[in-house]
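A.B. asks: Residue numbers 2 to 131, in the numbering used here, belong to the letters of the sequence shown in order.
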Amino acid sequence: KAANLKYIHGDFFQGDHRSGLSGLSSEDKFDCIHLGWILHDWQDDKALEILTRVRNHLSVDGILVLTEIIMDESRVDLKAGLSDLVMLLQTGGKERTLSEYSALLQKSSFSLKQVLKSDSVRSMIVAVPV
Numbered sequence: 002k003a004a005n006l007k008y009i010h011g012d013f014f015q016g017d018h019r020s021g022l023s024g025l026s027s028e029d030k031f032d033c034i035h036l037g038w039i040l041h042d043w044q045d046d047k048a049l050e051i052l053t054r055v056r057n058h059l060s061v062d063g064i065l066v067l068t069e070i071i072m073d074e075s076r077v078d079l080k081a082g083l084s085d086l087v088m089l090l091q092t093g094g095k096e097r098t099l100s101e102y103s104a105l106l107q108k109s110s111f112s113l114k115q116v117l118k119s120d121s122v123r124s125m126i127v128a129v130p131v
């Protein structure tokens, strides 16, 4: 049902990071939060802050879904490499390997559960709170 979905827009970095995301109260908890092509815009410190803020709003049994390009661990991937260069030049961000996403997730109290590959360059990374 559409009533069960909530689109939230705003600034990931507005307000105190301990309170979570702007526009939500600390009591707002969700079963699933999806960040679609968000983290690649940011360097690790900012990506970690986003994940930490999001973590504040997941229910105990909730899941986090990230839709991102996952670079090969060798970082030698033409399509992802071009996107990585664009991210660096436009936003200061970067494309990441699965081990880099896993490290960010661990630092923000998540555990990587599953990666769903698609026919496109983007994949879905599923994580749960720990």
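For each residue, glycine too, the CB sits at the ideal point set by N, CA and C. Predicted model, so just to flag it, every value in this text is computed and none were measured.
With burial defined as no fewer than 16 other Cβ atoms inside 10 Å of the residue's Cβ, what is the status of Phe-14: buried or exposed?
C.D. replies: As a working note, residue 14 is residue 13 in the sequence shown. By the 10 Å Cβ count, Phe-14 comes out exposed.
A.B. asks: When you compare the CB positions of Gly-16 and Ser-26, do they come within less than 7 Å of one another, or not?
C.D. replies: If you number the sequence shown from 1, residue 16 lands on position 15. If you number the sequence shown from 1, residue 26 lands on position 25. In this structure, Ser-26 does not lie closer than 7 Å to Gly-16 by Cβ.
A.B. asks: Restricting to Cα atoms, I'd like to know which of Pro-130, Val-122 and Val-131 is closest to Trp-38.
C.D. replies: On the sequence shown, position 37 is the one that residue 38 refers to. Of the candidates Pro-130, Val-122 and Val-131, the one whose C-alpha sits nearest the C-alpha of Trp-38 is Val-122.
A.B. asks: Who are Ala-128's beta bridge partners in DSSP?
C.D. replies: Locating residue 128 in the sequence shown gives position 127, counting from the first residue. Its beta-bridge partners are Leu-65 and Leu-113.
A.B. asks: From what residue to what residue does the beta strand (DSSP E) around Leu-36 run?
C.D. replies: Sequence index remark: in the sequence shown, residue 36 carries index 35 (1-based). Here the beta strand (DSSP E) through Leu-36 covers 31-37.
A.B. asks: Given this structure, state the Cα-to-Cα distance separating Asp-29 from Thr-98, to the nearest angstrom.
C.D. replies: Stepping through the sequence shown from its first residue, residue 29 is reached at position 28. Stepping through the sequence shown from its first residue, residue 98 is reached at position 97. Cα to Cα, Asp-29 sits roughly 31 Å from Thr-98.
A.B. asks: Can you tell me which of the three DSSP states Leu-59 falls into?
C.D. replies: Within the sequence shown, residue 59 is the residue found at index 58, counting from 1. Look at Leu-59 here: in three-state DSSP terms it is strand.
A.B. asks: Just tell me which of Phe-31, Ser-103, Gly-93 and Pro-130 has its CA closest to the CA of Glu-74.
C.D. replies: Position 73 of the sequence shown, counting from 1, holds the residue named residue 74. It is Ser-103.
A.B. asks: Quickly, what does DSSP pair Ile-9 with across the bridge? List them, please.
C.D. replies: Along the sequence shown, read from residue 1 onward, the residue named residue 9 stands at position 8. Looking at the DSSP assignment, Ile-9 forms no beta bridge with any residue, so it has no partner.
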